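Novice: Numbering (full-length UniProt numbering), first residue to last: 1 to 348. Encoded as structure tokens, here's the structure I'll be asking about.
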């Protein structure tokens, strides 16, 4: 499988196909250049079944495995319970509930997590540990949903799975020890599609009756059309390139991507009305495909009277904070901004 022929940090200088774009942060570039990702989209690689060894920019390989045990090993103060609940189309949805072992006299807030992977890969445990890291000092429950993946289940199937999980959480809050008025929905990368769709569904269907407290979108994927300036700037010479994002959408929306058949529950950027959505945090790297989708989403929130905190991190690429390098000031700033917002949302 063909590798990109240049170091990513030097791509803009060496690849004549690349149009002007912001430069990568010099320190982050050292980590970026250790990345080996083929130019052609590879679903097997994303799902960890490829026999080829590739290293991605946030330190994971296709061989990385996540489970409740790996999370509890890193976070021994948590306990884990698995709940199987009725899902759409006569399916069963699995929710993993991580609860602090320390008893609480009051119901706790909850972070409702939707994993990344472009809706085509990953599971409810994928990269969950660094998300839990953001909750240091916050006494809350973490719930992660196992939604169905595409192409086996195209949209809006994954969105409906995550919505069913939200409704169940709200209806079963007392037995879980959570406060139904303190549910913060969290979506990372491709998980941003379903996280935002869940909030749109809850608003439109008026169920749960108690509004969602907040929405955090971590470098979210939102628009199936892939036509923004940042899509054009990072068509080449980027580990999470526009062709890879476009290929994911083709699997998520077979035969309808880019058409007027796509609804906001399929791809949230298709919404016209962003009013009455939960207070939202959204961020992205300056040097990534998804940058302009994040900016446009925040702009549309403001246009419709909703509130949104937006951060674009200079010189940064997709989910760069997954690097465990506490000495890098941009990484510190990005993690601190997320942790601060969560604390504000979950302050009772």
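Yeah, the Cβ is synthetic: ideal placement off N, Cα and C, and Gly gets one too. Since we're looking at a predicted model, the values are computed, not measured.
Drop a sphere of 10 angstroms on the beta-carbon of residue 158, count the other beta-carbons inside from all chains shown, and report buried for 16 or more, exposed for fewer.
Specialist: buried
Novice: Applying the criterion that 16 or more other CB atoms from any shown protein chain within 10 Å of the CB defines a buried residue, is residue 254 buried or exposed?
Specialist: Exposed: under 16 other Cβ atoms inside 10 Å.
Novice: Using 8 Å as the Cβ pair cut-off and three pairs as the minimum, do the stretch 286-299 and the stretch 211-228 touch?
Specialist: yes
Novice: Buried or exposed for residue 224, going by 16 or more other Cβ atoms inside 10 Å?
Specialist: buried
Novice: Spell out a yes or no on whether the stretch 200-209 and the stretch 238-250 are touching, meaning 3 or more CB-CB pairs, one atom from each, closer than 8 Å.
Specialist: no
Novice: Determine the contact status of residue 118 and residue 221, defining contact as a CB-CB distance below 8 Å.
Specialist: yes
Novice: Considering only the beta carbon of each residue, do residue 134 and residue 184 sit closer than 8 Å?
Specialist: Cβ atoms of residue 134 and residue 184: not closer than 8 Å.
Novice: Going by other Cβ atoms of all chains shown within 10 Å of its Cβ, with 16 needed for buried, is residue 302 buried or exposed?
Specialist: A residue is called buried when at least 16 other Cβ atoms come within 10 angstroms of its Cβ; residue 302 does not meet this threshold and is exposed.
Novice: What is the residue span of the alpha helix (DSSP H) that residue 42 lies within?
Specialist: Residue 42 -> no alpha helix (DSSP H), and no H or E assigned at all.
Novice: Measure the beta-carbon distance from residue 177 to residue 141 and round it to whole angstroms, keeping in mind my assumption that it falls under 8 Å.
Specialist: 7 Å
Novice: If you run the structure through DSSP and keep just helix, strand and coil, what is residue 58?
Specialist: Residue confidence is low: residue 58 scores 42 on pLDDT, short of 50, so the model does not pin down where it sits. Its coordinate-derived value is still stated next. Of the three classes helix, strand and coil, the one that applies to residue 58 here is coil, per DSSP.
Novice: Leaving out the 5 sequence neighbours to the left and right, which residues in its chain are closer than 6 Å to residue 268 when beta-carbon positions are compared?
Specialist: 196, 197 and 222
Novice: Around the C-beta of residue 51, are 16 or more other C-beta atoms found within 10 angstroms, so that it is buried, or is it exposed?
Specialist: Low per-residue confidence applies at residue 51: pLDDT is 48, beneath 50, and the placement is therefore not dependable, though the value from the model is reported in the following sentence. By the 10 Å Cβ count, residue 51 comes out exposed.
Novice: Any idea what DSSP makes of residue 329, helix, strand or coil?
Specialist: helix
Novice: Cα-Cα, which of 336, 316, 322 and 338 is closest to residue 386?
Specialist: Coverage of the chain is limited to positions 1 through 348, which leaves residue 386 absent and any answer about it impossible.
Novice: If you compare alpha carbons, which of 339, 345 and 347 is closest to residue 132?
Specialist: 339
Novice: Is residue 3 helix, strand or coil when you go by DSSP?
Specialist: strand
Novice: State the Cα-Cα distance for the pair residue 62 and residue 41, rounded to the nearest angstrom.
Specialist: Unreliable placement is indicated for residue 62, whose pLDDT of 42 sits below 50; the coordinate value is still reported in the next sentence. Those two C-alpha atoms are separated by around 14 Å.
Novice: In this structure, does DSSP put residue 133 in helix, strand or coil?
Specialist: helix
Novice: Which one of 309, 200 and 217 has the shortest CA to CA distance from residue 349?
Specialist: Since the displayed the chain opens at 1 and closes at 348, residue 349 lies outside it and no answer follows.
Novice: Looking only at its chain, what residues have a beta carbon closer than 7 Å to the beta carbon of residue 139, apart from the 5 residues adjacent to it on each side?
Specialist: Listed in chain order, the non-local C-beta contacts of residue 139 below 7 Å within the same chain comprise 100, 104 and 108, local neighbours out to five positions each way being set aside.
Novice: Within 7 Å: the Cβ of residue 114 and any heavy atom of the ligand ATP?
Specialist: For the ligand ATP, the structure offers nothing, since it holds no ligand at all.
Novice: State yes or no: is the C-beta of residue 68 within less than 8 Å of the C-beta of residue 125?
Specialist: yes
Novice: Looking at chain B, is there any beta carbon in it that lies within less than 8 Å of the beta carbon of residue 185?
Specialist: Looking at the structure shown, chain B is missing, and only one protein chain is on hand.
Novice: Specify the secondary structure class of residue 315 as computed by DSSP and reduced to three states.
Specialist: Correct three-state label for residue 315: coil.
Novice: Spatial neighbours of residue 321 within its chain, please: CB distance less than 7 Å, with the 5 preceding and 5 following residues excluded, ordered by chain position.
Specialist: Taken in chain order, the residues that qualify are 331, 334 and 335.
Novice: From which residue to which residue does the beta strand (DSSP E) around residue 108 run?
Specialist: 108-114
Novice: Three-state secondary structure (DSSP) at residue 100?
Specialist: strand
Novice: Return helix, strand or coil for residue 159, following the three-state DSSP convention.
Specialist: helix
Novice: Three-state secondary structure (DSSP) at residue 204?
Specialist: helix
Novice: Note down, in chain order, each residue of its chain lying with its Cβ closer than 7 Å to the Cβ of residue 179, except the 5 sequence neighbours on either side.
Specialist: 107, 108, 109 and 173
Novice: Would a C-beta distance cut-off of 8 Å place residue 15 and residue 236 closer than the cut-off?
Specialist: yes
Novice: Give me the Cβ distance between residue 281 and residue 309, rounded to the nearest whole Å; I'm assuming they're in contact under 8 Å.
Specialist: 5 Å
Novice: At what residue ranges does the stretch 222-297 contain a whole run of the alpha helix (DSSP H), taking only runs of 4 or more?
Specialist: 229-233 and 242-252
Novice: Mapping DSSP to helix, strand and coil, what is residue 335?
Specialist: helix
Novice: Using only the alpha-carbon positions, how far apart do residue 59 and residue 323 sit?
Specialist: Residue confidence is low: residue 59 scores 39 on pLDDT, short of 50, so the model does not pin down where it sits. No coordinate-derived value is stated.
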